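Residue numbers (UniProt numbering): 1 to 254.
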């Protein structure tokens, strides 16, 4: 599967610089609308280095981090070697290797748009307990909004031929109600993040569609990114607008 290998060679930057989910934002919503408690077993699908899993670990939940990329699993294991609540599983959204009817909630974060939607939803239904919940939590830059955001997206499109295809997949976060019609709740929360040059460079290199360091276009890409930073930085940081897309719901009963 091509999407499984997209982050090869990018895991170090991903783990260090990618935007983190905030427990203070996410957990109150899951508690209010899903009734999340610390005794629930969570399956975090496409877990990567465990960033969304960390939200549930902070809540005291046993969590299965399901991740197909070996480099991501290795980093996740290194970052959580002392966390006994976390089980790291080699699996995909379409074939999680988890037992049927075993989990109280399936979660997915930024990886959701890589999944084969219908096969993944069928797998989620299989591993969920009756009346279990699905939570899809995405967090990142807005595509429009501030001029800084718009120019950054233009830069990525210039150096990333598949940027448009990647963004087309993001529509999954806006079209989940038909898949999870029972007790569905959608919430969007705007915010900002401030990035130093090191943070901006690291975050950008962690993106699946940005040129890798050994790509012929990388020197030009890095120069364009530096020029972007110099144009918009104030007091040594660039300010970007961010958005949470939080969707929770349940399948209809048969």
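For glycine and all other residues, C-beta sits at the position ideal for the given N, C-alpha and C.
None of these values were measured; they are calculated from a predicted model.
In the pairwise beta carbon analysis, the region 54 to 72 is classified as touching the region 85 to 100: at least three pairs are separated by under 8 Å. Judged by their CB atoms, residue 90 and residue 97 are nearer to each other than the 9 Å cut-off. Each residue's CA atom was taken as its position, placing residue 28 and residue 106 some 17 Å apart. If you check the CB distance, residue 247 and residue 180 come in under 9 Å. Contact between the region 216 to 228 and the region 29 to 36 is absent, with fewer than three C-beta pairs closer than 8 Å. For residue 129, the enclosing beta strand (DSSP E) has its first and last residue at 128 to 141. As DSSP reads the structure, residue 245 sits in a beta bridge with 138 and 188. Only residues of its own chain outside the window of five on either side were considered, and among them 67, 88 and 90 have a CB closer than 7 Å to the CB of residue 73, listed in chain order. The three-state reading of DSSP puts residue 24 in helix, counting H, G and I together. According to the DSSP secondary-structure assignment, residue 108 is paired through a beta bridge with 45 and 136.
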